[in-house]
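Shown next, in structure tokens, is the structure this report addresses.
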Amino acid sequence: MPPEKAALMQMLERMWRIRIFEEAVIEIHSSGELQGPAHPYIGEEAVAVGACAALRDTDYIAGNHRSHGHPIAKGGDLNGAMAELLGKSGGYCKGKGGSMHLADFSIGILGESGIVASSVPIATGAALAAKQQRKDFVSMVFFGDGASNQGACHESMNMASLWNLPVIFLCENNQYAITTSYKNSVSVDHVSDRAPAYNMPGVLVDGQDAIAVYEVTLQAVERARAGEGPTLIEALTYRFEDHSLGLEKVRDSPYRSDEEVDEWRKRDPIQLHEKALTSTAVATSEECDAVQARARADVAAALVFARNSPYPEPQELFEDMWA
Amino acid sequence: MPPEKAALMQMLERMWRIRIFEEAVIEIHSSGELQGPAHPYIGEEAVAVGACAALRDTDYIAGNHRSHGHPIAKGGDLNGAMAELLGKSGGYCKGKGGSMHLADFSIGILGESGIVASSVPIATGAALAAKQQRKDFVSMVFFGDGASNQGACHESMNMASLWNLPVIFLCENNQYAITTSYKNSVSVDHVSDRAPAYNMPGVLVDGQDAIAVYEVTLQAVERARAGEGPTLIEALTYRFEDHSLGLEKVRDSPYRSDEEVDEWRKRDPIQLHEKALTSTAVATSEECDAVQARARADVAAALVFARNSPYPEPQELFEDMWA
Amino acid sequence: MPIMTYMAAIAEATREEMERDEAVYLMGEDIRASIYGASAGLHAIFGDDRVIDTPLSENGFFGAAIGSSLVGQRPIVETVTSFFWVGMDQMISQAAKMRYMFGGQATLPVTWRARMFYARGAAAHHSDRNYNIFMSTPGLKVICPTNPYDAKGLMKTAVRDNNPCLIFEDGIAISSRGEVPANEDLPGGELLVPFGEARIVRAGTDCTVVGIAGGVAHAEDAAKVLEQEGISIEIIDPRTLVPLDKQTILTSVEKTGRLVVVDPAHEVCSAASEISSIVAQEAFWSLQAPIMKVAAEQVNVPYSPALEPLVYPTPERVINAVKHTMG
Amino acid sequence: MPIMTYMAAIAEATREEMERDEAVYLMGEDIRASIYGASAGLHAIFGDDRVIDTPLSENGFFGAAIGSSLVGQRPIVETVTSFFWVGMDQMISQAAKMRYMFGGQATLPVTWRARMFYARGAAAHHSDRNYNIFMSTPGLKVICPTNPYDAKGLMKTAVRDNNPCLIFEDGIAISSRGEVPANEDLPGGELLVPFGEARIVRAGTDCTVVGIAGGVAHAEDAAKVLEQEGISIEIIDPRTLVPLDKQTILTSVEKTGRLVVVDPAHEVCSAASEISSIVAQEAFWSLQAPIMKVAAEQVNVPYSPALEPLVYPTPERVINAVKHTMG
Ligand SMILES: Cc1ncc(C[n+]2csc(CCOP(=O)(O)OP(=O)(O)O)c2C)c(N)n1
Ligand SMILES: Cc1ncc(C[n+]2csc(CCOP(=O)(O)OP(=O)(O)O)c2C)c(N)n1
Ligand SMILES: [Mg+2]
Ligand SMILES: [Mg+2]
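Just so you know, the sequences run in chain order A, B, C and D. The opening residue of the first sequence carries number 2 in the working numbering; numbering runs sequentially from there. The opening residue of the second sequence carries number 2 in the working numbering; numbering runs sequentially from there. The opening residue of the third sequence carries number 720 in the working numbering; numbering runs sequentially from there. The opening residue of the fourth sequence carries number 720 in the working numbering; numbering runs sequentially from there.
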């Protein structure tokens, strides 16, 4: 059953929110207003948005350093995200976490991890809790093609399968770990080809197609909720921008060609989604533009909010260490 | 091409050396002469012996806590092994390593590791050196069914496959990690089923049959030497004794039944090998008995050697820290 | 009062806490078979979801414990200090940092129990005494019970604490037996030992001796000998290294003017170094003699029974250090 | 003399050592693209086998480096201090222990180079300054070059050393530039700085200030201010923490009677704690004032530019500590 219009429009809106948020981040980074590291999600929006569309608010996600898309896709508030990036007290983490550590536990965002693959066991543990508590929430973790080679993934997938945990391993294969092609780091054609090694379903999906991602994720979520265990999904996607802001110099490294980037840019997930909506007459292009405009206004407001938010007070340095 | 008589008799001899060595170890442990931990290899002799028969002296092995079988199978001297277990200066490691850390670099034994799976990356590195040095030695690592779930295995197999390294991953699936059945710890039917996840051949072999182990290992070694990369071999076997000496209390735990143990004891690898030799008229049972007697004499001599070997001097505490 | 072994005290604390709160569960390798002696019979009582035998994947299952704690579970993880290295990333990057990094959103009630082998031929791969490493990492509580009473009381406190707690079970202490009051004889009906309160094991006047983990037993042995020579030492067992009860140590040094720290861990950057540095900074004007560390020699732990005992502090080394401070 | 950046000095040392000995090779993530600036162009010169981009598997490739070193290779591994946690088991269980455990059979010429971020908004997951942890583990050499000269000279010594060496590249030091002599102007034709020899950065009479890693720069800034107030500090840069040149520190404290240790790592069980404890034990009778540690606050490193600077030592904190010792 294809998603309803409201759901499809929400996907569009969240993709735009991510896209425009990231554009703003790039801008304030180049102006020097933002100083910490930041890893843009532009080009990959369909993955987090499609996947999170299959989740409930009571479900959990965890993510990685490429960290703005996941929380926004889960319904996270832009103000808190932008304030966090600026290290302000109005941020998700009161300015203590920054770009790589966005988290909003109140809507199931268990946090992004700067250590690659390190949140994979964490999400597996949240799923274990679901089983122990006999609740029907599920847990999903986003990780990269590079991350898939960490032992943490192997151990987590093995445990999740053994214990039949309601967890979705969502590999965002954007084909590179910084400059390293997944062909030189993953010894098998596709990360999802590793699923049989854990006796779980492995699904390869077009990561530029939000609806496709939504559909395979929904299946995995339903399996998980029904107590049928984990799924490994690999969404094949591409990052349109540099690995991280401030790492422009790597652009000179011949790790990927301009042609390749251009080729992938043609498969812009937002354009594809809008086309899917308009060509099936689910929405008009005016409606789509209105969604974009709303997202733009929200990001602009977030920037104002973030700028107006005060910096944390010095004594806050010592707060939040202990429960 | 089946192995020649000399090779087959050497396998028999090495299996007996391991068996009788282990019996002696059990004896001196129960008498209190040996105090450290020790993990008997009885029942699994065909694995290390069959596998090492496919190696040259210039090839490397690394192993784990179940540590006496591998070096003896590689041709290690019994005197040094027994002296090491007694913490004597005539030991392989001058008494510093003990049972879990036997090593004899002079014949390619890069050492046993008390930390489970921790020698898997080490052996992978030795294979990397072979490639870098353009030499034709290979490297082999023994690890258990339990160990296979460590991230270190995943990472090593992935690297070895990517880089086409001459390494043989030899999983000794004795079906339990202490009390944990591999069915409760490995999420797939067989450890070797994970080989496709690394794009390498995976082979399941009867670990009670030394000749079968030899043959599959030889194939893997030839592939490795020819630059065709790593192989994962799973030898299905069984440990006849307790997990470790001193852990007798676990015997009461219902983790495996007496019937199961009895069933497996019927497939004693030494008896099977002797039967293979005598039934094909490769050797007479007198010849086999002579081999056993020689091994028995060697173990007895090793015990004498070890007992006569002096303890290290106090100042040796500070030696061997730095190169 | 009932006399019990250290492991029996741990087992009792575990069972009581599991009975009290169904969020508490036990996880580790071969715990159903109770190979380390703390979990016998628990699987039969609490079932599969609360007594979990894990695959050999420390980083993975430590992380799973941590993740579950974020959403309401209270895991107790059993392991050995040397296996911490394998699971280090989850312990440091996640357990120790998550709460602060997320501005206080995460609550991480995870308790690790780790056995530390001592002078039993475990060799270098099983002989780590790495509490100093976790002390140095902000965000973890570090607990070293040295007798059955503290083992039970500190363990129960750890399970109820909303922060990641690491309990180091020292080989010397593990073999101890001691009095543990029955619950019905206790005021609140249960034994809870608070964190951050050192225990004065023995009052004395001439020299303060702080014993860490198994170091307490060596200090006690030394005290008996020294007493006969007319030297009176005050022995302090910090019980928890994070939080550390600095004040009890400083007050004692202000009285005795001397300090020896006995720590069976490697000497460099040790708990002993830390306590020495605190006293050298904060009680300097009371000091009448050099601060002495009696710690493990800075070599890997050898296997041989002829060598291993030479690594560790002994009562003799404590006696010599105390005498050295006496001039 | 040529002036160069710290990373250029590291790059030069790397290239020279790779040219000198074909067993030397480089391994790490994205080193072909030289993302941290130390390996540009090396792949073109030395090829696939000697400049290896690894998968994201620190424990695996650290172990591979170690394994290769056992059979004649001399890897240089590039990483970031925070990723050590992931590869900890191979570093501690294997690199640090193998030689001793095997009675001296293993030779482990592995060099790790790890970048330490500092006050740049890297947040808790990328801000570890964990040299203390490796100091505390017997079997590893620990090196903290604080300027381009030492970076080049210590790096070359590390690559030739037959033991596992860890080089910590401090964010403060990385941004430094300085004189590095051309090889043809050097006696032996190359720059080798020996391990275990501290550098007296500045001679002084009133107080000894030991600076660890980035702490040296803070001490130098403090010295200028203190000088104007008539206070003369002697600044010592140990350069290598293992082996540690205790003697230079003790001799200085015997002269000045005072000690401040400046260490941008977390305070507890730190290198600063260790040096304090050594001096409190071995130079006690020379001390005229409390030993002061100026180290990072014992909290995780926060992201916000409003908070992060408050964690670390500053010249002001050094000045206050020195003045405190002056009474
Ligand atoms: C354990 C660890 N090793 C290395 C890094 C440095 N690093 C940050 S992002 C990255 C690449 C990650 O690649 P991938 O998992 O594919 O995610 P992507 O950036 O492509 O989204 C690396 C190597 C890290 N943060 N953590
Ligand atoms: C990292 C680590 N975790 C746990 C242990 C404790 N331990 C020693 S042997 C063992 C079981 C190993 O099982 P397996 O790999 O199947 O080898 P086997 O003993 O069956 O030969 C365990 C859990 C250890 N030594 N190292
Ligand atoms: Mg990627
Ligand atoms: Mg096994």
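Backbone N, C-alpha and C define an ideal beta-carbon position, used for all residues, glycine too. Given the structure is predicted, the values throughout are model-derived calculations rather than measurements.
Separation of D/P1028 and D/D889 (C-alpha to C-alpha, rounded to the nearest whole angstrom) is 15 Å. With contacts defined as CB atoms closer than 8 Å, B/F144 and B/C172 qualify as a contacting pair. One alpha carbon belongs to B/V292, the other to B/K6, and they sit about 13 Å apart. Of all residues in the segment 733–752 of chain C, those with a C-beta nearer than 7 Å to a C-beta of chain A are Y744, reading in chain order.
Counting only runs of 3 or more residues that sit fully inside the segment 925–984 of chain D, the beta strand (DSSP E) segments are 926–930, 952–956 and 959–961, in chain order. With contacts defined as CB atoms closer than 8 Å, B/I62 and B/L9 fail to qualify as a contacting pair. Under the DSSP definition of a beta bridge, A/S140 partners with A/Y61 and A/V168. B/M12 and B/Q272 have their C-alpha atoms roughly 12 Å apart. Residue burial is scored here from C-beta neighbours: D/Q809 has at least 16 other C-beta atoms within 10 angstroms and is therefore classed as buried. The segment 779–860 of chain C is shown to contain whole beta strand (DSSP E) runs of 3 or more residues at 793–799 and 830–835, in chain order.
Per DSSP, D/F887 is not a residue of any alpha helix (DSSP H); the beta strand (DSSP E) it occupies stretches across C884 to D889. B/A282 has its alpha-carbon roughly 11 Å from the corresponding atom of B/E288.
Beta-bridge analysis with DSSP links B/Y312 to no other residue.
Cβ-Cβ separation between C/A938 and C/V1037: approximately 6 Å, consistent with a contact (criterion under 8 Å).
Note on C/I764: under 16 other CB atoms within 10 angstroms of its CB, so exposed under the neighbour-count rule.
A direct Cα-Cα distance of roughly 50 Å separates A/G33 from C/H845.
The DSSP-derived three-state label of B/T125 is helix. Short of 7 Å from the beta carbon of B/D194, and not among the five residues preceding or following it, lie these beta carbons of its own chain, in chain order: G203. Listed by position along chain C, the residues whose Cβ is nearer than 8 Å to that of D/P1009 are A999, Q1000, E1001, F1003 and W1004.
Looking at D/F781, D/I852 and D/Q824, the one whose alpha-carbon comes closest to that of D/W831 is D/F781.
The contact set of A/E317 on chain D, defined by CB atoms closer than 9 Å, consists of P1021, S1023, A1025 and L1026 in chain order. D/F836 is the residue among D/K1012, D/M737, D/F836 and D/G908 whose C-alpha sits nearest the C-alpha of D/Y755. Below the 9 Å Cβ cutoff, chain D contributes D772 and P774 as neighbours of A/N185, in chain order.
Collapsing the DSSP output to three states places B/D290 in a helix. Minimum Cα-Cα distance from B/V168 among the listed residues D/Q813, D/G786, D/L945 and D/L978 corresponds to D/G786. DSSP, read as helix, strand or coil, puts C/T733 in helix. Of all residues in the segment 788–819 of chain C, only S801, F802, W804 and V805 come within less than 8 Å of chain B when Cβ atoms are compared, listed by chain position. Using a CB distance cut-off of 8 Å, C/S971 does not count as an interface residue toward chain D. At a cut-off of 7 Å, the beta-carbon of D/A752 does not count as near ligand 3: no heavy atom of the ligand is closer than that. By the Cβ test, the segment 30–50 of chain A is not in contact with the segment 125–134 of chain A, since fewer than three Cβ pairs between them sit closer than 8 Å. Neighbours of D/N778 in chain A, taken as residues at a C-beta separation under 7 Å, are given in chain order as G152. Using a Cβ-Cβ cut-off of 8 Å, B/Y42 does not count as an interface residue toward chain D, since no Cβ of chain D sits closer than that to its own.
Against chain C, a Cβ distance below 7 Å from A/Q134 picks out G791.
At a Cβ-Cβ threshold of 8 Å, D/A941 and D/P1034 count as neighbours.
Spanning the alpha carbons of C/V920 and C/P957 requires a straight line of approximately 10 Å.
If you check each beta-carbon in the segment 946–971 of chain C against every beta-carbon of chain B, none falls closer than 7 Å.
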